[in-house]
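Below is one structure, written out as structure tokens, with a few remarks after it.
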Amino acid sequence: MDASKLGEENKSAAEKINSNMEAPKIVEELNKTAEENGSVTESKMEASRIVEGNKSMGEAADLAALNQLDLDESSRSMAKVVKLGKVSPHPNADRLAIAEVGGWRVVVPIDSREGDVGVYFEIDSILPEATWHNVDERKRKIKTLKLRGELSQGLFLPRSDKFPVGEGDWVEGADLTRALGIEKRIFEEPGNYPMPRGGVAFSSVFGGRGPSKTDEPRVQSSLELLEALRGLPFYIAEKVDGASGPFGLWDGELKVCSRNLGIAREDETSKAQTAFWAVAELYNLRERLARNPDWILQGEVHGPGLQKNKCRAKALQLALFNVWSIQERRYLDYEASGQEFVEAARVLDIPTVRILEEGEGFGYTLEELLEKARGKYPGTDNFREGIVVRPKKEVARARMAALGHSRLSFKVINNDFLLKYGQ
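In the numbering used here, each residue's number is its place in the sequence shown (first place is 1) plus 8.
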């Protein structure tokens, strides 16, 4: 069965302060630039810088390597020690430059040089009140913005004695998220359904035999995944902007989860039914999974009342993107004998996410993927969130654990989406 058919059918500012310029003037220019570009920056300039396989089937080596890692994106590094990559002049500002940090582009002062050491804060970072920076409280949320017409994602601050870290911490790649007290922004749009606030930890719901949480690493922060996929058969799926969670049977009971929690049928505070349980009942998942008790489903719940319903679905929907085998402790391959994932969706009669492309030898560059991530949800004027890229056949977990990941899979977020929705 063709997966794409299945999915279709189911559906001047931030410049360095010199001795002749005062901080208030820079802030005024920063705000002016943000307004001109249609985006409101939530980061600000410091006094002298911009603030802003293969199936492993339970092999011991695989599981031992995997269990040593905390691999979900909720523990993603929001602040790490980096060396600036290529630095190019800003085309529209004499005192600004554009630097590469991994796969990211970030606006920096003109005197920045390739190889400069500092701390890079990813978009979605929230800076605390602290003495190591001079950022106004209203500007501490780091997001995608345009400075003088050029995309800037994240914040680079050069190495300084102000940072509360030791000499030995200044190692390229060192994670300073906890040391600097950086938090991650959580995006929850007000809707018709309560967000789950109480429940048991997701890791305990399926007796330790369930899948990982559903966050995907961003390709710009994980360029090693781009290289690991090169040459392999692959597919590209549309990323739906909703609420993701797993559904499965355990000890004969239907377990319904948000990304982080196993949740009860009703929210503890409001007593209203959560969207996850509403969709479980809508699709009669208890009965469908009773016929396939080895499977745990992971999908995106979307529709009216969730994330402003950017897909313009007329009713609550579930779009599958993973099926996990409890017995074999692995994800079903997208394409194997019998096309496991696609066939599972057909048997369950549940739609998958929309499949945009399939190929036999992955060879796209980062720039090409960023272009592919652009676009709008079909039949709407809403920018889609982006794409998810994976191999058709799962890669051995031991190999991925050696790269610091649980799986060969990554997301590419649409920059138009990030600018439009303030992320």
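In this text, a Cβ means the ideal position worked out from N, Cα and C, and glycines have one as well.
Expected contact under 8 Å - CB spacing of residue i and residue j to nearest Å
i    : j    : result
R186 : K221 : About 19 Å separates the two Cβ atoms, so there is no contact after all.
K263 : G270 : 6 Å
D156 : L92  : The identity of residue 156 in the sequence shown is Arg, whereas the question assumes Asp. Actually they are not in contact, since the Cβ atoms of R156 and L92 sit about 19 Å apart, beyond 8 Å.
L416 : V227 : That pair is no contact at about 12 Å.
I244 : L426 : The Cβ separation is near 19 Å, so there is no contact.
L184 : D177 : 7 Å
T373 : K318 : Contact flag wrong, Cβ pair sits at about 27 Å.
Closest Cα partner of residue i within the set the options
i    : options                   : result
F171 : K149, E137 and K151       : E137
F255 : E235, E289, V248 and P225 : E289
W303 : P219, R382 and I363       : P219
L257 : E235, S333, L234 and S229 : S333
V397 : R407, R167, V361 and A323 : V361
G216 : E336, Q325 and I395       : E336
A409 : L233, Q431 and G369       : L233
A101 : K88, L411, P117 and V89   : P117
V403 : T139, E261, V90 and R338  : R338
Y128 : A272, L328, T282 and E108 : E108
G383 : L153, V143, V90 and E246  : E246
V179 : D124, G207 and Q161       : D124
D395 : E366, D389 and L411       : It is Ile, not Asp, that sits at residue 395 in the sequence shown. Of E366, D389 and L411, the residue nearest in Cα terms is E366.
Y385 : E295, E368, E375 and R320 : R320
N300 : V173, L163 and R354       : R354
G207 : L153, C265 and A251       : C265
P312 : G371, A251 and L297       : A251
V90  : D119, G181 and G174       : G181
E393 : I106, A209 and E379       : E379
G162 : A209, G307 and I106       : I106
Residue i in three-state terms, based on DSSP
i    : result
F391 : strand
R121 : coil
N330 : strand
W140 : coil
K380 : helix
E343 : coil
L257 : strand
K316 : helix
G218 : coil
R337 : coil
V208 : strand
G176 : helix
S252 : strand
E366 : strand
R407 : helix
H413 : coil
S229 : helix
R299 : coil
L234 : helix
Short Cβ contact (8 Å threshold) for residue i with residue j
i    : j    : result
G110 : L231 : yes
K94  : E130 : no
I134 : R113 : no
E348 : L340 : yes
A3   : N330 : It is not possible to answer for residue 3, since the shown part of the chain is limited to 9 through 431.
L326 : V350 : no
K400 : F242 : yes
D249 : R193 : no
H141 : L159 : no
P359 : L324 : no
L314 : Y429 : no
Q431 : F195 : yes
A87  : I190 : yes
H98  : P225 : no
G239 : G369 : yes
A283 : V309 : yes
R167 : G126 : yes
Residues sharing a beta bridge with residue i, DSSP
i    : result
I190 : DSSP, once it has assigned bridges, lists no residue as partnering I190.
C265 : G270
K147 : In the DSSP output, where bridge partners are listed per residue, K147 has none listed.
P399 : F242
P166 : G126
K154 : L159
A97  : According to the sequence provided, residue 97 is Pro. The question's Ala does not apply to it. Answer is A105.
D183 : K88
V420 : I395
Q325 : H310
R294 : Bridge partners of R294: none, in fact.
V115 : I106
V131 : Sequence check: residue 131 is Ile here, not Val. Answer by DSSP bridge pairing: none, since I131 is not bridged.
L305 : F255 and V331
K247 : G394
T360 : L328
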